[in-house]
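Take any residue in the sequence shown, note its place counting from 1, add 36, and you have its number in the working numbering.
The beta carbon of each residue, even a glycine, is placed where N, CA and C say it ideally should be.
These notes concern the structure reproduced below.
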Amino acid sequence: MAQCLYLPTPLQSLNEKCIYDSFDDVSSYTSTKVPSFTFSSQCVPRPQGENSSARNTESDLMFYDKNGNCVNKHALSEHRHKKKESVLSQFNFDENGIGQSGHILSRTKKADLLFRRWKESYWVHIQPAILLMFRSKEDFLIWKGTSKEDRSRERLVMWAVNFDSRGVLKKKKKKLKKKLEKEKKEQYLKEGSSSFSSDTAKSNQAMIPADKSVLKYSMLDVHSKMYTKNRPILHGFKLERWLEVGAGVTAAFASSNAEEVKSLRKIIRSCIEMTSKTRKKK
Numbered sequence: 037m038a039q040c041l042y043l044p045t046p047l048q049s050l051n052e053k054c055i056y057d058s059f060d061d062v063s064s065y066t067s068t069k070v071p072s073f074t075f076s077s078q079c080v081p082r083p084q085g086e087n088s089s090a091r092n093t094e095s096d097l098m099f100y101d102k103n104g105n106c107v108n109k110h111a112l113s114e115h116r117h118k119k120k121e122s123v124l125s126q127f128n129f130d131e132n133g134i135g136q137s138g139h140i141l142s143r144t145k146k147a148d149l150l151f152r153r154w155k156e157s158y159w160v161h162i163q164p165a166i167l168l169m170f171r172s173k174e175d176f177l178i179w180k181g182t183s184k185e186d187r188s189r190e191r192l193v194m195w196a197v198n199f200d201s202r203g204v205l206k207k208k209k210k211k212l213k214k215k216l217e218k219e220k221k222e223q224y225l226k227e228g229s230s231s232f233s234s235d236t237a238k239s240n241q242a243m244i245p246a247d248k249s250v251l252k253y254s255m256l257d258v259h260s261k262m263y264t265k266n267r268p269i270l271h272g273f274k275l276e277r278w279l280e281v282g283a284g285v286t287a288a289f290a291s292s293n294a295e296e297v298k299s300l301r302k303i304i305r306s307c308i309e310m311t312s313k314t315r316k317k318k
């Protein structure tokens, strides 16, 4: 008789799932590995026929996945919750939805890509999957302190990309926010509080139009190159945008500091993986 598994079937190994080069931080993805399985009591088959609606305490905790394995419901729910926490904790967004940031050299215009002209830039990760490029950190601080109604705010952004072009993650975020507000309201009522006020503060979300024609983005491998003599070697990579007609390079990033390249690649890879998972679910 088959035995019940406390966790879902193991995922593919990292080597099969993704190919990482030396500039990718693989440590952030090791949390997706499923730990070794533990076995419990024997599986209780689901009732068939007239008794298909019958329920009992032991069988309610078990269910069969698409591979025919009997999975413990509580253990699976706990595992998924921990996995979501590990993914979200690496971004460290503040109350305004602003995440990690750093310095990088960039080529975001067609002329810069053609003539290989690097420009000093400052990148910022905006929740959930938006990447903004500024000319300097000072421009970012001015942008952060400027209200949305001010049109000069948009001019400070040198380049922007929304990996969630279809708005799937944004809808999920709104749904989660409503759920949290509902739970907070129920908690207030349970504690006997007569008043409840929802948080209506506006965040510094970037208003970027969704491009429905974009299918996905992909990152190319890192290449180290000396562009001019007596200058340090630059470690650079390109970002491709896939449309219905094919793929094209939309931007390139580089730095003589390997850690700066790693930080940016980690954010871009996380955004690409999050949005690709939403497409697979559809």
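Put simply, of His161, Ser254 and Ser172 the residue whose alpha carbon is nearest the alpha carbon of Leu141 is Ser172. The criterion of a C-beta distance shorter than 7 Å is satisfied by Phe176 and Val160. Contact between Asp200 and Thr311 holds, with the beta-carbon distance rounding to 5 Å and staying under 8 Å. Under the three-state reduction of DSSP, Met262 is assigned to coil, being neither helix nor strand.
Looking at the DSSP output, Lys252 shares a beta bridge with Trp278. Taking a 10 Å sphere around the C-beta of Asn198, we find 16 or more other C-beta atoms and assign the residue as buried. The segment 262 to 271 and the segment 208 to 219 do not touch, with fewer than 3 CB-CB distances between them shorter than 8 Å. Residue environment analysis places Val281 among the exposed positions, since fewer than 16 neighbouring C-beta atoms fall within 10 angstroms of its C-beta. Along the length of the segment 134 to 174, whole alpha helix (DSSP H) runs at least 4 residues long occupy 146 to 151, reported in chain order.
Judged by DSSP secondary structure, Asn198 falls within the beta strand (DSSP E) whose first and last residues are Val193 to Asn198. Using a 10 angstroms sphere on the CB of Leu216, the tally of other CB atoms stays under 16, which defines it as exposed. Between Ile162 and Gly133, the gap from beta carbon to beta carbon is short of 7 Å. When secondary structure is reduced to three states using DSSP, Ser201 falls in the coil class, being assigned neither helix nor strand. Judged by beta-carbon spacing, Gly135 lies within the 7 Å limit of Phe129, meaning their Cβ atoms are closer than that value. Around the beta carbon of Leu251, a 10 Å sphere encloses fewer than 16 other beta carbons of the protein chains shown; the residue is thus reported as exposed. Separation of Glu185 and Ile304 (C-alpha to C-alpha, rounded to the nearest whole angstrom) is 29 Å. Annotated as distal: Ser254 and His271, with beta-carbon spacing of 7 Å or more. Lys146 and Glu131 have their C-alpha atoms spaced approximately 35 Å apart.
Non-local C-beta neighbours of Arg189 in its own chain, meaning closer than 7 Å and more than five positions away in sequence, comprise Trp179 and Thr182, ordered along the chain. Secondary structure at Thr311: helix, using DSSP grouped into helix, strand and coil.
Close CB contacts of Leu149 within its chain, under the 7 Å cut and outside five residues either way in sequence, are with Arg143, Val285 and Ala288 (chain order). In the structure shown, Ser291 adopts extended strand secondary structure according to DSSP, grouped into three states. Straight-line spacing of the CA atoms in Glu296 and Leu167 works out to 15 Å. Close CB contacts of Arg153 within its chain, under the 8 Å cut and outside five residues either way in sequence, are with Arg143 and Ala147 (chain order).
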